[in-house]
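Peer 1:
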Amino acid sequence: MPASAAVTVDLRTESVDAVLGRVERSLGVQLDRSTEVRKRRSIGARTDRGTWVRIERRARERIDGQGWNGVECAAVLQGVAMPEWFAGLAWSDPDDGSMWRADETQLVTAEPMKPTDRAELPDAWWATLTESLDALAAQTTTRVATPDTVTISREVVAEVIQKAFPEAGIDISLDEWATAHADLSWANLTTPECYLLDWEDWGMAPRGLDSAKLWVSSLDVPEVAERVRHERRGDLGSRTGKLMSLFYCSKLVPYVDEGAAVRMEALRLLEELESPR
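Here the sequence shown stands for residues 77 to 353, where the numbers follow the numbering used here.
1. Kindly indicate the opening and closing residues of the alpha helix (DSSP H) around Val292.
2. Just to confirm before moving on: does the CB-CB distance between Met175 and Ala163 stay below 9 angstroms?
3. DSSP on Arg344, reduced to helix/strand/coil?
4. Any contact between the region 272-288 and the region 303-312? By contact I mean 3 or more CB pairs, one from each, below 8 angstroms.
5. Quick check on the DSSP output: what are the complete beta strand (DSSP E) runs of length 3 or more inside the region 240-284, in order along the chain?
6. Taking 9 angstroms as the threshold (C-beta atoms), are Glu132 and Ser118 in contact?
7. Which of the three DSSP states, helix, strand or coil, is assigned to Arg134?
8. Please classify Met77: is it buried, with 16 or more other beta-carbons within 10 angstroms of its beta-carbon, or exposed?
9. Hey, could you find the ends of the alpha helix (DSSP H) Arg308 is sitting in?
10. Just how far apart, CA to CA, sit Glu341 and Val297?
11. By the DSSP assignment, the beta strand (DSSP E) with Asp169 in it spans what residues?
12. What span of residues does the beta strand (DSSP E) with Trp176 cover, start to end?
13. Would Val184 and Glu112 be called neighbours here (beta carbons separated by less than 9 angstroms)?
14. Considering just the uninterrupted stretch of the beta strand (DSSP E) at Ala373, what are its terminal residues?
15. Taking the alpha-carbon positions, what's the Pro188 to Leu265 distance?
16. Is any heavy atom of the ligand PLP found at a distance shorter than 8 angstroms from the C-beta of Asn145?
17. Compare the beta carbon distance of Leu346 and Leu322 with 9 angstroms and say whether it is the shorter of the two.
18. Are Ala157 and Thr204 close, meaning C-beta to C-beta below 9 angstroms?
19. In chain order, what residues of the same chain lie with their CB nearer than 6 angstroms to the CB of Thr212, ignoring the 5 residues before and after it?
20. Going by other Cβ atoms of all chains shown within 10 Å of its Cβ, with 16 needed for buried, is Arg109 buried or exposed?
21. Put Ser351 into one of helix, strand or coil per three-state DSSP.
22. When the distance is taken between beta carbons, is Tyr331 closer than 9 angstroms to Ser293?
23. Alpha helix (DSSP H) containing Ser102: first to last residue?
24. Can you tell me whether Trp128 is helix, strand or coil according to DSSP?
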């Protein structure tokens, strides 16, 4: 089957026993099925040697020239609170035009963040997050970030913003770039200790990409959004950071009511960005 015709699979509902068996044989581990965490295109589980294995399926057209070994490549990053990487493997499935990858990493016992956890985070947690994002941004890489498996670019950002606000007359020049996680959702952060999980999409991105995503996803809890804005004020206050904030707001604007916080923030950002520099 051609790669472009890859079948859409939801791993939350599909049987993947053969895939799990292959991973176990290749890595020399036994997966604890009772600890499985299933998402649409990934599965994670503990192993019998006290590690964690994450398995991802991706259509071939979603894999560009830099590869998709982001978790492995992230092992070189310094000063970032993240699981240590140990081993990995990848293979092609000729039947449905997809690629599979498995990575064995340090088992982090801190739990992925739940929505109710966000308002109760201590100062030490925020300090770790800020230090990690600052350390990450200071490093360089040849990788380009792929948020939502799409390579970030000026054209991608412009298309999203213009779809939500076709009359917007702003300059979408992305002047500042820095290394980013590129999938900094609350579900990819842990508590009580702060770790950043799921590194498959990291790379160079417009400044503030991570901070903007976390801020926009916090707008339903104003005090948390304000804390994100305070902690990441350097990123979010920059012009490129404002464009990233508008980018993530614009993804949601078509699906919210007129008075929704994300729409109001998007309009504020548009006004600021339309003002002379």
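Just so you know, even glycine gets a beta-carbon here, dropped at the ideal spot from N, CA and C.
Peer 2: In brief:
1. Locating residue 292 in the sequence shown gives position 216, where the first residue counts as 1. Residues Leu285 to Val292.
2. Residue 175 sits at position 99 when you count from the first residue of the sequence shown. Residue 163 sits at position 87 when you count from the first residue of the sequence shown. Cβ distance not < 9 angstroms, so Met175 and Ala163 don't count as in contact.
3. One-based indexing of the sequence shown puts residue 344 at position 268. Note: Arg344 maps to helix in three-state DSSP.
4. yes
5. 253-256 and 279-282
6. In the sequence shown, the residue the question calls residue 118 occupies position 42. In the sequence shown, the residue the question calls residue 132 occupies position 56. Yes, the pair counts as a contact, with Cβ atoms nearer than the cut-off.
7. The sequence position of residue 134 within the sequence shown is 58, counting from 1. Arg134: strand per DSSP, three-state reduction.
8. As a first step, residue 77 must be located in the sequence shown, where it is residue number 1. Confidence at Met77 is low in this model, with a pLDDT of 38, below 50, so its placement is unreliable and no value can be given for it.
9. Reading the sequence shown from its first residue, position 232 is the one you call residue 308. That residue, Arg308, is in no alpha helix (DSSP H); it is neither H nor E in DSSP.
10. Here the question's residue 341 lines up with position 265 in the sequence shown. Here the question's residue 297 lines up with position 221 in the sequence shown. Each residue's alpha carbon lies about 14 angstroms from the other.
11. Counting from 1 along the sequence shown, the entry for residue 169 is found at position 93. Element bounds for Asp169: Trp161 to Asp169.
12. Stepping through the sequence shown from its first residue, residue 176 is reached at position 100. That run of the beta strand (DSSP E) goes Ser174 to Gln182.
13. The count along the sequence shown starts at 1 and reaches residue 184 at position 108. The count along the sequence shown starts at 1 and reaches residue 112 at position 36. Contact flag unset, no.
14. Not covered by the structure: residue 373. The range shown for the chain is 77 to 353.
15. By one-based count along the sequence shown, residue 188 stands at place 112. By one-based count along the sequence shown, residue 265 stands at place 189. Roughly 6 angstroms between the two C-alpha positions.
16. Of the ligands one can find in the structure shown there are none, so the ligand PLP has no counterpart to examine.
17. Against the sequence shown, residue 346 aligns to sequence position 270. Against the sequence shown, residue 322 aligns to sequence position 246. Cβ atoms of Leu346 and Leu322: closer than 9 angstroms.
18. Taking the sequence shown and counting its residues from 1, one reaches residue 157 at position 81. Taking the sequence shown and counting its residues from 1, one reaches residue 204 at position 128. Taking 9 angstroms as the Cβ cut-off, Ala157 and Thr204 qualify as a contacting pair.
19. Here residue 212 is taken as the residue at index 136 of the sequence shown, counted from 1. Going by the sequence as given, residue 212 is Leu instead of Thr. Closer than 6 angstroms at the Cβ level, and outside the excluded window around Leu212, lie Val156 and Thr255.
20. In the sequence shown, the residue the question calls residue 109 occupies position 33. Exposed, by the Cβ-count rule.
21. As a first step, residue 351 is located in the sequence shown; it is residue number 275 there, counting from the start. If DSSP states are grouped into helix, strand and coil, Ser351 belongs with coil.
22. By 1-based counting over the sequence shown, the position of residue 293 is 217. By 1-based counting over the sequence shown, the position of residue 331 is 255. Cβ distance not < 9 angstroms, so Ser293 and Tyr331 don't count as in contact.
23. Position 26 of the sequence shown, counted from the first residue, corresponds to residue 102. Asp93 to Leu103 is the extent of the alpha helix (DSSP H) around Ser102.
24. Here residue 128 is taken as the residue at index 52 of the sequence shown, counted from 1. Residue state, collapsed to three classes: strand.
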